[in-house]
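Just so we're aligned: the sequence shown equals residues 1 to 224 in my numbering.
Even glycine gets a Cβ: it sits at the ideal position worked out from N, Cα and C.
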Amino acid sequence: QLRTGPAYAGEGSSDDDDDTRPTERLEPAADESRDQRALLERLALKTSSRDAEDDRPARPSSGTARRRRAEERKLVEVLGRTTDGEQFQSAIDGLWQLWFSERGAANKAKLEAVDALLQGGDLAEACAAAEALCAEHGDWTEARNRLATIQFLRGDYEASIGNCERVLAAKPHHFGALSGICMCHKKLDNAAEFEEWMGRVLPSDPDRRRRWADRAIRALDRQG
1 QLRTGPAYAG
11 EGSSDDDDDT
21 RPTERLEPAA
31 DESRDQRALL
41 ERLALKTSSR
51 DAEDDRPARP
61 SSGTARRRRA
71 EERKLVEVLG
81 RTTDGEQFQS
91 AIDGLWQLWF
101 SERGAANKAK
111 LEAVDALLQG
121 GDLAEACAAA
131 EALCAEHGDW
141 TEARNRLATI
151 QFLRGDYEAS
161 IGNCERVLAA
171 KPHHFGALSG
181 ICMCHKKLDN
191 AAEFEEWMGR
201 VLPSDPDRRR
211 RWADRAIRAL
221 DRQG
């Protein structure tokens, strides 16, 4: 059974949202399906935090939060509008960098240490370090997304789903968490839930990607 997840739930009233419902989603060809699965894995495990140095305080002021949200909104808009591959990748990288540095330079370094443990295969230590960051910064979505990734790699798919849902409660457009939750449901053979969440991942089709970005922007705007 699908846990309660906010990712675009209740946003089906717009004229063009029907195209993204899972029951109407066009099935990809076999080669495209393999490419999409490979992309899901790359997104779920992506650890780029390059050049996002930031000396802001660990708990940003409301003004800083608004500025960050404006930056995030702009990057999401690029994802939805651009047809240029380099611009698209720059927007993806920019969002990872923004999410990675949301709690300042010191906490960014701690999250990078989690990634180093993860890449070194020390999943137990990585999990403990990620859990400590989540305990200290319960609303930091990227720390929780890293924890979800580690839980997936350890085979704790139910726990990973729960943390992905918490990430998506704050950022319904978090493509890493969307990819991760799909992978978890696939591992658990939850076919209906897998199809439901696959209908919400970042689409490759330009028109559907634009509508995806428009919904994400509306969600960001509602956050103030």
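Problem - Helix, strand or coil at V201 [DSSP, three-state] - result: Position 201 of the sequence shown holds residue 201. Residue state, collapsed to three classes: coil.
Practice task
Would you kindly check if the distance between the Cβ of N145 and the Cβ of H185 is under 8 Å?
Solution key: Within the sequence shown, the letter at position 185 stands for residue 185. Within the sequence shown, the letter at position 145 stands for residue 145. No, the Cβ-Cβ distance between H185 and N145 is not below 8 Å.
Practice task
Pick out the complete alpha helix (DSSP H) segments inside the segment 122-184, 4 residues or longer, and give them in chain order.
Solution key: Listed in chain order, they are 123-136, 141-153, 157-170.
Problem - Boundaries (first-last residue) of the alpha helix (DSSP H) holding N107 - result: For the purposes of this step, residue 107 is identified with residue 107 of the sequence shown, where counting begins at 1. For N107, the enclosing alpha helix (DSSP H) has its first and last residue at 104-119.
Handout entry: Beta carbon of D139 nearer than 8 Å to that of A170
Key = If you number the sequence shown from 1, residue 139 lands on position 139. If you number the sequence shown from 1, residue 170 lands on position 170. Closer than 8 Å, so yes.
Problem - Touching by the beta-carbon criterion (3+ pairs, under 8 Å), the segment 201-213 and the segment 126-137 - result: no
Practice task
Look at the Cβ atom of Q87, then the Cβ atom of V78, and state whether they are nearer than 8 Å.
Solution key: Position 87 of the sequence shown, counted from the start, is the residue given in the question as residue 87. Position 78 of the sequence shown, counted from the start, is the residue given in the question as residue 78. Closer than 8 Å, so yes.
Handout entry: L75: first and last residue of the uninterrupted alpha helix (DSSP H) it sits in
Key = Here residue 75 refers to the residue found at position 75 when the sequence shown is read from its first residue. 62-81 is the span of the alpha helix (DSSP H), which, as asked, contains L75.
Handout entry: Beta-carbon contacts of P206 that lie in its chain and below 7 Å, excluding the five residues immediately before and after
Key = Residue mapping note: residue 206 aligns to position 206 of the sequence shown, counting from 1. Answer for P206: T83, listed in chain order.
Exercise for the section: With DSSP as the reference, label S101 as helix, strand or coil. Expected result: By one-based count along the sequence shown, residue 101 stands at place 101. S101 falls in the coil class under three-state DSSP.
Handout entry: 7 Å CB neighbourhood of K187 in its chain, flanking five on each side removed
Key = By 1-based counting over the sequence shown, the position of residue 187 is 187. Excluding positions up to five away in sequence, the list reads Y157.
Problem - Check whether L178 and R200 have beta carbons under 8 Å apart - result: Against the sequence shown, residue 178 aligns to sequence position 178. Against the sequence shown, residue 200 aligns to sequence position 200. Taking 8 Å as the Cβ cut-off, L178 and R200 qualify as a contacting pair.
Handout entry: Three-state secondary structure assigned by DSSP to A213
Key = Translated into the one-based positions of the sequence shown, residue 213 becomes position 213. DSSP places A213 in helix when its eight states are reduced to three.
Problem - Beta-carbon contacts of L95 that lie in its chain and below 6 Å, excluding the five residues immediately before and after - result: Here residue 95 corresponds to residue number 95 of the sequence shown, with the count starting at 1. Around L95, the same chain offers L75 as residues with beta carbons nearer than 6 Å, after the five sequence neighbours per side are excluded.
Exercise for the section: Measure the C-alpha to C-alpha separation of I217 and I92 and round it to an integer number of angstroms. Expected result: In the sequence shown, the residue the question calls residue 217 occupies position 217. In the sequence shown, the residue the question calls residue 92 occupies position 92. When only Cα atoms are considered, I217 and I92 end up about 15 Å apart.
Practice task
Report the three-state DSSP secondary structure of Q223 (helix, strand or coil).
Solution key: Reading the sequence shown from its first residue, position 223 is the one you call residue 223. DSSP places Q223 outside both helix and strand once states are collapsed to three, so it counts as coil.
Exercise for the section: With DSSP collapsed to three states, give me the class of D84. Expected result: For this step, residue 84 is matched to residue 84 along the sequence shown. Reduced to three states, the DSSP call for D84 is coil.
Problem - Any non-hydrogen atom of the ligand ADP closer than 7 Å to K108 Cβ - result: In terms of ligand content, the structure shown is empty, and the ligand ADP therefore cannot be addressed.
Handout entry: D207 - DSSP class collapsed to helix/strand/coil
Key = Here the question's residue 207 lines up with position 207 in the sequence shown. If DSSP states are grouped into helix, strand and coil, D207 belongs with the helices.
Practice task
Can you tell me which of E102, N163, A106, A192 puts its alpha carbon nearest to the alpha carbon of G180?
Solution key: Against the sequence shown, residue 180 aligns to sequence position 180. If we check each option's Cα against that of G180, N163 comes out closest.
Exercise for the section: Verify whether the separation of the beta carbon atoms of K110 and F100 is less than 8 Å. Expected result: Indexing the sequence shown from 1 puts residue 110 at position 110. Indexing the sequence shown from 1 puts residue 100 at position 100. Contact: no.
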